[in-house]
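The block underneath contains the structure these notes are about, expressed in C-alpha cells.
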Amino acid sequence: NTKEGVVQIAHTASNNPDDNKKLYANWADKYEQDVRAWGYNMPEVCAETLKKYAKVEKMDAYTILDAGAGDGLSGKAIVAQGFSDVTGIDISAEMVKIAQQNK
C-alpha cells in the first residue's frame with residue numbers, strides 16, 4: 001500500500017547515517033517501484049529545469065554530480081535531457097549497484 005510505505009519510510013529514516021544506510025540497503029530492490037507508485041517524478045522535473053537554465057548549447061560542456069544518487073533515477077533523467085558527464089554518489093552501496101546497472 002502506497003500510504004503505508006510512505007509512513008514506514010517516514011518512521012524509519014533518521015539523522016544517523018548508519019540507520020539510513022540500512023534503510024536504503026534493505027529498500028534498494030524495490031525503491032524505484034515504490035517511489036514511482038507514490039507518483040515521484042522529481043528526477044524528471046529537476047532534469048528539465050537543469051536543461052532549461054543551461055547556458056551552453058553543447059550539454060557535454062557540463063560536469064554534473066548527483067549527490068545522493070540512489071538507484072540513478074535523476075542521473076538517467078539528466079542524461080535523457082542531453083547531458084553526458086553525470087556522476088552519482090550515494091551512501092548505499094546497494095543503491096549504487098542498481099544505478100550502475102541502470103545506466
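Just so we're aligned: 55 in the UniProt record's numbering is position 55 of the sequence shown, and the numbers increase by one with no gaps anywhere.
From the three backbone atoms N, C-alpha and C, an ideal C-beta is built for every residue, glycine too.
Mind checking residue i: buried by the 16 CB within 10 Å criterion, or exposed?
i           : result
SER74       : buried
residue 174 : Only positions 1 to 103 of the chain appear in this structure, which leaves residue 174 out of reach.
ASP60       : exposed
How many angstroms separate the CA atom of residue i from the CA atom of residue j?
i           : j      : result
GLU32       : LYS55  : 31 angstroms
ALA40       : ALA69  : Inspection of the sequence shows that residue 40 is occupied by Tyr rather than by Ala. Cα-Cα distance, rounded: 15 angstroms.
GLU44       : GLN81  : 9 angstroms
VAL96       : ASN102 : 10 angstroms
ASP18       : ILE91  : 9 angstroms
VAL79       : ASN16  : 31 angstroms
ALA37       : GLN100 : 22 angstroms
ALA93       : LYS76  : 18 angstroms
residue 177 : LYS30  : The structure shown does not extend to residue 177, since the chain is modelled only from 1 through 103, so no value can be given for it.
ASP71       : LYS21  : 13 angstroms
ASP34       : ILE98  : 15 angstroms
Would DSSP call residue i helix, strand or coil?
i           : result
ASN26       : helix
LYS103      : coil
residue 105 : The requested residue 105 is not part of the displayed model; the chain covers only 1 to 103.
Continuous beta strand (DSSP E) assignments of at least 3 residues falling wholly in the stretch 32-99: 63-67, 85-89
Meets three-Cβ-pair contact criterion under 8 angstroms: the stretch 63-70 and the stretch 82-97: yes
Stretch pair the stretch 41-52 + the stretch 16-31: three plus CB contacts closer than 8 angstroms: no
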